[in-house]
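Residue numbers (the working numbering), protein chains in the order written: chain A, 2 to 187; chain B, 2 to 187.
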């Protein structure tokens, strides 16, 4: 950020009075421009004993597999965002959503929120950001070709809960430290 | 938003190619400036049979009661943010946090995430944004002087779970429609 979005003047990166974190502050109109984490909202679409995964048609991680998910938009709920992304990426409609997991990923300032839900009629087809899609049973999940660590963690928890015969709501963090990924649950 | 934060030129509010939502787009360098919901993260500090509430020293809702909570910052986890806000607003340290509820509030593009936790040694004192604070048992909660509908809903769920002898992780929406507040749970 170099310019104030309110008045167009130059901004400085400085700690405002009464604050303890550097912010972009306008040198002219003194507007403080806060920057905050973004929410990624998505779904685990379930059909019979399988779940839907999408092969990414976009960077990053072009060609790898992921759950339907994307940036939550202003003026929507997390569930509305999850349903919208499922429609955009997989033309998938879902019923009976329930919150499955919340993961903080602080090194990229993102929070993932993933809902389980029933894929209506088992129907899906690729959206513009998806190369192809398929329904996978646990034995067929392409574990080495998943797009992001948060997708691995979500699916590991999902099949662990499935084996236990009950689904919980999970929360945790995915931390990158010295190029290692550390996952904590609480 | 009137000016591009990258190059200082005028922005237009328009739907970019391949998108379906109006964004602020720079007329000069074509940067798309996305705006997304913000996360409010906070705690329900528990001590013996009581919980901690803070009387707000700032607008909005100056003088009304709330839980320690505030905007999540970049590069932190939701729990780190919840602990930081508890320290800033109430000099409160907490142990054994677990996610209690997630509420979307789309008319203000916010998502609340509230954790239950044990208030260490029952110690707290007001921070700069807090007029006073106190520990409340259920019978003493100032229901008509709570700062926000999301605080009412969180505390109602909390005491319902407490009476049931077990705490779940809840999620839901708080919708404003024709000046009415509609709460849904899922």
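Note that the Cβ used here is the ideal one computed from N, Cα and C, for glycine as well.
Quick one: which residues of the region 100 to 116 of chain B get their C-beta closer than 8 Å to a C-beta of chain A? List them in chain order. 100, 103, 105, 107, 108, 110, 112 and 114
Count the other C-beta atoms from every protein chain shown that fall within 10 angstroms of the C-beta of residue 164 of chain B, then say buried if there are 16 or more, exposed otherwise. exposed
Under three-state DSSP, which class holds residue 99 of chain B? strand
Count the C-beta pairs between the region 30 to 45 of chain A and the region 62 to 74 of chain B that are closer than 8 Å, then say yes if the count reaches three, no if not. yes
Report yes or no: is there a C-beta of chain B within less than 8 Å of the C-beta of residue 40 of chain A? yes
Give the list of continuous beta strand (DSSP E) stretches no shorter than 3 residues that lie fully inside the region 88 to 145 of chain B. 95 to 106, 111 to 120 and 131 to 137
Option in B/117, B/147 and B/149 with minimal Cα separation from residue 51 of chain B: B/117
Taking only three categories from DSSP, how would you classify residue 174 of chain B? strand
Between residue 22 of chain B and chain A, is there a C-beta pair that is closer than 8 Å? yes
Residues bridged to residue 13 of chain A [DSSP beta-bridge criterion]: A/26
Pick from B/187, B/152 and B/161 that is closest to residue 65 of chain B, judged by C-alpha positions: B/152
Which of the residues in the region 142 to 175 of chain A, read from start to end, lie with their CB under 7 Å from any CB of chain B? 170, 172 and 174
Check each residue of the region 85 to 98 of chain A: if its Cβ is closer than 8 Å to any Cβ of chain B, include it; give the result in chain order. 98
Cutoff 8 Å: residue 5 of chain B Cβ touching any chain A Cβ: yes
Within this structure, are the beta carbons of residue 101 of chain B and residue 168 of chain B separated by less than 8 Å? yes
In chain B, which residues lie with their C-beta within 9 Å of the C-beta of residue 72 of chain A? 35 and 37
Would you call the region 123 to 133 of chain A and the region 98 to 115 of chain A in contact, with 3 or more CB pairs under 8 Å? no
Contact defined as beta carbons within less than 8 Å: I believe residue 56 of chain A pairs with residue 131 of chain A. What is the distance between those atoms, to the nearest angstrom? 6 Å
Rounded separation between residue 141 of chain B and residue 88 of chain B - CA only: 24 Å
Among the candidates A/93, A/7, A/62 and A/120, whose CA atom is the shortest distance from the CA of residue 49 of chain A? A/120
Under three-state DSSP, which class holds residue 70 of chain A? strand
Taking buried to mean at least 16 other C-beta atoms within 10 Å of its own C-beta, is residue 20 of chain A buried or exposed? exposed
Which residues in the same chain have their Cβ closer than 7 Å to the Cβ of residue 177 of chain A, if we skip the five residues on either side of it in sequence? 108
Give the residues of chain B in contact with residue 27 of chain A, contact being defined as C-beta atoms less than 9 Å apart. Within 9 Å Cβ-Cβ: nothing; residue 27 of chain A doesn't reach chain B, min ~10 Å.
Give the residues of chain B in contact with residue 75 of chain A, contact being defined as C-beta atoms less than 7 Å apart. 36, 37, 38 and 110
Give the single residue among B/144, B/173, B/174 and B/175 whose Cα lies nearest to the Cα of residue 160 of chain B. B/144
Simplified DSSP state of residue 31 of chain B, which is helix, strand or coil: coil
Selection from B/103, B/155 and B/98 that minimises the alpha carbon distance to residue 78 of chain A: B/103
Out of A/2, A/24, A/68 and A/41, point me to the one whose CA is closest to residue 53 of chain A's CA. A/68
is_contact[residue 16 of chain B, chain A] using C-beta, thresh 8 Å: no
Neighbour flag for residue 235 of chain B against chain A, beta carbons, 8 Å: The shown model of chain B, from 2 to 187, leaves out residue 235 of chain B, and the question about it has no answer.
Is the separation between the beta-carbon of residue 16 of chain B and that of residue 28 of chain B shorter than 8 Å? no
Do the CB positions of residue 175 of chain B and residue 154 of chain B come within less than 8 Å of each other? yes
DSSP on residue 39 of chain B, reduced to helix/strand/coil? strand
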